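Data block below; observations after.
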Amino acid sequence: MTRVRDYEYYDVVLSLCSTCLRKVEGKLVFADGKVLMQKRCPRHGAETVLIADDVEYWRRAREAFLKPSEMPRRFQTPVRFGCPFDCGLCADHEQHACLSLIELTDHCNLTCPICYADSSPERQGFRPLAQIERMLDAVVEAEGEPDVVQLSGGEPTLHPDFFAVLAAARARPIRHLMINTNGLRIARDPEFIERLAEHRQGTEVYLQFDSFERAALEELRGADLRDVRRRAVEQLNEHGIATTLVVTVKRGANDHELGRIIDWALEQPAVRGVTFQPVQVAGRCDDFDPLRDRLTLTEVRRRILEQTDVFQPAEILPVPCHPDCIAMAYALKRAGTVLPLTGLIDPELLVSVGRDTIAYEGEHELREALFGALSLGNAASDLPVRLRDLLCCLPAVSTPDGLGYENLFRVIVLQFLDAHSFDVRSVKKACVQIVHPDDGRLIPLDTYNLFYRGDLEHTRLAELRAEVER
Ligand code: SF4
Ligand code: SF4
Ligand SMILES: [Zn+2]
Numbered sequence: 000m001t002r003v004r005d006y007e008y009y010d011v012v013l014s015l016c017s018t019c020l021r022k023v024e025g026k027l028v029f030a031d032g033k034v035l036m037q038k039r040c041p042r043h044g045a046e047t048v049l050i051a052d053d054v055e056y057w058r059r060a061r062e063a064f065l066k067p068s069e070m071p072r073r074f075q076t077p078v079r080f081g082c083p084f085d086c087g088l089c090a091d092h093e094q095h096a097c098l099s100l101i102e103l104t105d106h107c108n109l110t111c112p113i114c115y116a117d118s119s120p121e122r123q124g125f126r127p128l129a130q131i132e133r134m135l136d137a138v139v140e141a142e143g144e145p146d147v148v149q150l151s152g153g154e155p156t157l158h159p160d161f162f163a164v165l166a167a168a169r170a171r172p173i174r175h176l177m178i179n180t181n182g183l184r185i186a187r188d189p190e191f192i193e194r195l196a197e198h199r200q201g202t203e204v205y206l207q208f209d210s211f212e213r214a215a216l217e218e219l220r221g222a223d224l225r226d227v228r229r230r231a232v233e234q235l236n237e238h239g240i241a242t243t244l245v246v247t248v249k250r251g252a253n254d255h256e257l258g259r260i261i262d263w264a265l266e267q268p269a270v271r272g273v274t275f276q277p278v279q280v281a282g283r284c285d286d287f288d289p290l291r292d293r294l295t296l297t298e299v300r301r302r303i304l305e306q307t308d309v310f311q312p313a314e315i316l317p318v319p320c321h322p323d324c325i326a327m328a329y330a331l332k333r334a335g336t337v338l339p340l341t342g343l344i345d346p347e348l349l350v351s352v353g354r355d356t357i358a359y360e361g362e363h364e365l366r367e368a369l370f371g372a373l374s375l376g377n378a379a380s381d382l383p384v385r386l387r388d389l390l391c392c393l394p395a396v397s398t399p400d401g402l403g404y405e406n407l408f409r410v411i412v413l414q415f416l417d418a419h420s421f422d423v424r425s426v427k428k429a430c431v432q433i434v435h436p437d438d439g440r441l442i443p444l445d446t447y448n449l450f451y452r453g454d455l456e457h458t459r460l461a462e463l464r465a466e467v468e469r
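Right, here's the structure in full:
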């Protein structure tokens, strides 16, 4: 009698041991409708990690949503130790920075338990303007005209030279500038919002907005920020400052509120979309089981679909720059109505994208237009054009007149790789990159937090590199 495995074997994967961070080989397998990574470290044993809870979506992302990689203008480091030990970007990387982050400080007026930068009021020190300008120049040098640059932190609005930094960023050929903020200053400082409003053209606020509930906010942020959040959005509406709400999703804390947040966001005139970022329970928590407890992109996507009627499954699609880690959907907001793109696009056409058979004669153009629209790097000015291109590809769809950025609403699910889910194949496409404060290297956020933040490169990474050399 033949004996059969209780899973389907799909591929080999190159990952990391989540204990010692050495590179280890593993397998990707399908079991019970889930994608699992099985790997083994000779020193620390076997580990099984939940990668996705929707095999069909995950496979389609990986197999159909492919496009030729777009390169930066220049790479910054040679290939020497092998991925992910050469970041900067090295010549082996497969996607330029659709979004680059510049951290102005580690200082913050919150102490969120989930903060990956470990920011807090105790951490003092603001990067000097001259250093920040060098970081901005490094992005421009690598990218030419960077698509999206985010001023981040810590809390960037606390920087004493914040408006000088903003002016310096705006003086460079950055297509879309975002301010990554927890909203406290926006909610509480009328003078600040007035000054910010003077820069509203081409600047967007990327506003932390996790929950309507006290318990969830306390769990995620260590504070009841309900009033701060509402007040900040009121101010942004009043001053007409384009805003994206950013929701850090933690299982059991706020994963039941995703639909409610989208529905509420659609009613806010300033809000252009919601970005959902799953977080994993902190590594300190001893009983974390990567097989049971990980919150994956596919689960967040599924919960959005369960909790709101605005989007249909065929619409929340993988983003071809980094399809494993980013999903995106669009709706049009016009004159008080919300028109999900499902209403305009035959879902069959989207489902057929990347199929071998020619579904209809314009499939190639549709694919190009769709992939053009599905990008994290779409700046405010391009997005209406991209969507108009997409709509024009569709027979029997009339493009709405006067489509502008203020009419667009975008939902994004953005996940980062961690030591558990790490996949060398995938990380090479990481397009959210952070500027190294000392030398201006552009490093994927995923590897930055594992190997390059603060002293890690000289402690943790130096040893791993030395081992490779031996
Ligand atoms: S993640 Fe990219 S930049 Fe970093 S080592 Fe790998 S290929 Fe190079
Ligand atoms: S607001 Fe942001 S930077 Fe500040 S502690 Fe929280 S996560 Fe960290
Ligand atoms: Zn190990």
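Going by numbering that gives the first Met the number 0, the letters in the sequence shown line up with residues 0 to 469, in that order.
We put the beta carbon where it would ideally sit given N, CA and C, even for glycine.
If you're wondering where the values come from, they're calculated on a predicted model, not measured in any experiment.
Listed in chain order, which residues are found with a beta carbon closer than 5 Å to a heavy atom of ligand 3?
-> The answer, residue by residue, is Cys16, Thr18, Cys19, Cys40, Arg42, His43.
Would leucine 294 pass as a contact of proline 317 if the rule is Cβ separation under 8 Å?
-> No, the pair does not count as a contact, with Cβ atoms beyond the cut-off.
Beta-ladder partner(s) of glutamine 276, from DSSP = Glutamine 276 is bridged to Thr247.
Beta-bridge pairing of tyrosine 205 - partner residues as DSSP gives them = Beta-bridge pairing links tyrosine 205 to Asn179, Thr243.
Compare the Cα-Cα distances from leucine 176 to each of Glu144, Arg184, Leu157 and report the closest residue.
-> Per the Cα distances, Glu144.
Could I get the ranges of all uninterrupted alpha helix (DSSP H) runs contained in the region 8-69, with 4 residues as the minimum, in chain order?
-> The region 8-69 contains these whole alpha helix (DSSP H) runs: 54-62.
What did DSSP end up calling arginine 4 once you bin it into helix, strand or coil?
-> Assigned with DSSP and collapsed to three states, arginine 4 falls in coil, not helix or strand.
Between which two residues does the beta strand (DSSP E) containing isoleucine 411 stretch?
-> Segment 407-413, the beta strand (DSSP E) holding isoleucine 411.
Is any heavy atom in ligand 1 found nearer than 7 Å to the beta carbon of proline 443?
-> Distances taken from the Cβ of proline 443 to the heavy atoms of ligand 1 include one shorter than 7 Å.
My understanding is that histidine 198 touches leucine 165, with C-beta atoms under 8 Å, so please give their C-beta distance in whole angstroms.
-> With a Cβ gap of about 6 Å, histidine 198 and leucine 165 count as contacting.
Cβ neighbour criterion (16 or more within 10 Å) applied to aspartate 146 = Looking at its Cβ environment, which holds 16 or more other Cβ atoms inside 10 Å, aspartate 146 is buried.
What number of angstroms, rounded off, separates the C-alpha of leucine 290 from the C-alpha of glutamine 414?
-> So the two alpha carbons sit approximately 17 Å from each other.
Out of curiosity, what's the CA-to-CA distance linking valine 54 and proline 339?
-> Their backbone Cα atoms lie some 25 Å apart in a straight line.
Give the secondary structure of threonine 356 by DSSP, where H, G and I count as helix, E and B as strand, and everything else as coil.
-> In this predicted model, threonine 356 has a pLDDT of only 47, less than 50, meaning its place in the structure is not dependable enough to derive any value.
Using 7 Å as the cut-off, classify the Cβ of glycine 201 as near or not near the heavy atoms of ligand 2, replying yes or no.
-> Answer for glycine 201: no, Cβ out of range of ligand 2.
Enclosing beta strand (DSSP E) for arginine 333 [first to last residue] = From DSSP, the beta strand (DSSP E) with arginine 333 extends over 325-333.
Taking buried to mean at least 16 other C-beta atoms within 10 Å of its own C-beta, is alanine 141 buried or exposed?
-> By the neighbour-count rule (16 or more Cβ atoms within 10 Å), alanine 141 is buried.
Got a sec: does ligand 2 put a non-hydrogen atom nearer than 7 Å to the Cβ of glutamine 279?
-> Glutamine 279: no, Cβ never under 7 Å from ligand 2.
Between the CA atoms of alanine 63 and aspartate 355 - distance to the nearest angstrom = Any answer about aspartate 355 is weak, because its pLDDT of 49 lies below 50 and its placement is not dependable; what the coordinates show is given next. Note on geometry: alpha-carbon atoms of aspartate 355 and alanine 63 lie some 10 Å from one another.
Euclidean distance between Cα positions of lysine 66 and cysteine 430 = As the crow flies, the alpha-carbon of lysine 66 is around 14 Å from that of cysteine 430.
Which residue or residues does DSSP assign as beta-bridge partners of valine 148?
-> DSSP output for valine 148 lists Ser99, Leu176 as bridge partner(s).
Cβ of alanine 167 within 8 Å of Cβ of glutamine 432?
-> With a cutoff of 8 Å on beta-carbon distance, alanine 167 and glutamine 432 are scored as not near each other.
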